[in-house]
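Remarks on the structure that follows.
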Amino acid sequence: MTSDSVESSDEPISVTKPPGEETNLITELDDDDDDEQHYECPSNFGFRVPYEVKEVEGKGRALFVTEFVKQGTLIWHADRGVLSKFDRRKLDAYVTSLPHDDAKRFLDHLFAFERESTEHVFRAHGDASLVNHSTRPTVGNLDHYFKLHKQHLQIDQSWFLANKQPFSPHLCTVALRDLQVGDEILEDYNFYYDPPFYVEICDKYDAEYAQKAAQMYSDECA
């Protein structure tokens, strides 16, 4: 069994961003009612490694590590507050309230895990939504790591215990190989699940659900 020791602290991770980039403003629907909740979060919310954001021709913004990252290192975890959850009713109501182009952009950045539920989709706040697709990904979840290396990866959970944060093995990404300075953080969108209700809503706005985006950008990003 492969073991990975992840050093974490309460200090924020340094992130280099292009001029004009600011803290993310989150808009979400509360689980208990339809009132919109507005609050700010750091752009590196959930990340455990330093990175920078760059504009890449033909792809838009992308994330690149700024130091060597060993295979198996925890890259990102869905800490408490990182994800917003939408069921069909709340998602439909929210995108209907937006101008068409804004609704499309919002839908482009949602995802779902089949093991979680076929009735919900999630939005990751911060720069996690900027991770691009590749058929040769550099990061993936623990299931992806096992499929690639035929080894289970054990994550050091000391930071989560110290900060009273729950650890979710299927809501994290790890380095699938050693990453050199300047390597892009890429994941395979084919590992995500598209609930039928989400695909239906996306089609109304010509938005890119995971499998559609994977097909569209496979050759470009691989």
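For the sequence shown, position 92 (counting from the first letter as 1) is numbered 86 according to our numbering, and the numbering increases by one without interruption.
Cβ atoms here follow ideal geometry from the backbone N, Cα and C, with glycine treated the same way.
Would you tell me roughly how many angstroms separate the C-alpha atoms of residue i and residue j, rounded to the nearest one?
{"i": "I142", "j": "W153", "result": "Per the sequence shown, residue 142 should be read as Leu rather than Ile. Their backbone Cα atoms lie some 26 Å apart in a straight line."}
{"i": "Y192", "j": "I69", "result": "27 Å"}
{"i": "A97", "j": "G134", "result": "27 Å"}
{"i": "V47", "j": "K53", "result": "12 Å"}
{"i": "M210", "j": "Y186", "result": "15 Å"}
Output needed for residue i: all residues of its chain with C-beta closer than 6 Å, excluding positions within five of it in sequence on either side, in chain order.
{"i": "L104", "result": "V115 and R117"}
{"i": "C219", "result": "Not covered by the structure: residue 219. The range shown for the chain is -5 to 216."}
{"i": "L124", "result": "R55 and L57"}
{"i": "F39", "result": "V76, H119 and G120"}
{"i": "P160", "result": "none"}
{"i": "R82", "result": "F191"}
Going by DSSP, which residues form a beta bridge with residue i?
{"i": "A56", "result": "K48"}
{"i": "N126", "result": "L180"}
{"i": "K79", "result": "F116"}
{"i": "H71", "result": "C166"}
{"i": "G134", "result": "V168"}
{"i": "L142", "result": "None; L142 has no bridge partner."}
{"i": "V63", "result": "L173"}
{"i": "F41", "result": "W70"}
Would a C-beta distance cut-off of 8 Å place residue i and residue j closer than the cut-off?
{"i": "V175", "j": "T67", "result": "no"}
{"i": "H127", "j": "A208", "result": "yes"}
{"i": "T90", "j": "P189", "result": "no"}
{"i": "A106", "j": "S162", "result": "no"}
{"i": "V63", "j": "A169", "result": "yes"}
Residues in its own chain within less than 7 Å of residue i by CB, not counting five upstream and five downstream?
{"i": "F140", "result": "H146"}
{"i": "D177", "result": "F58, V59 and T132"}
{"i": "D200", "result": "K98"}
So, at 8 Å on beta carbons, what are the nonlocal neighbours of residue i in its own chain, with the 5 sequence-adjacent residues on each side left out?
{"i": "L92", "result": "F100"}
{"i": "L180", "result": "V125, N126, H127, S128, R130, P131, T132, V133 and C215"}
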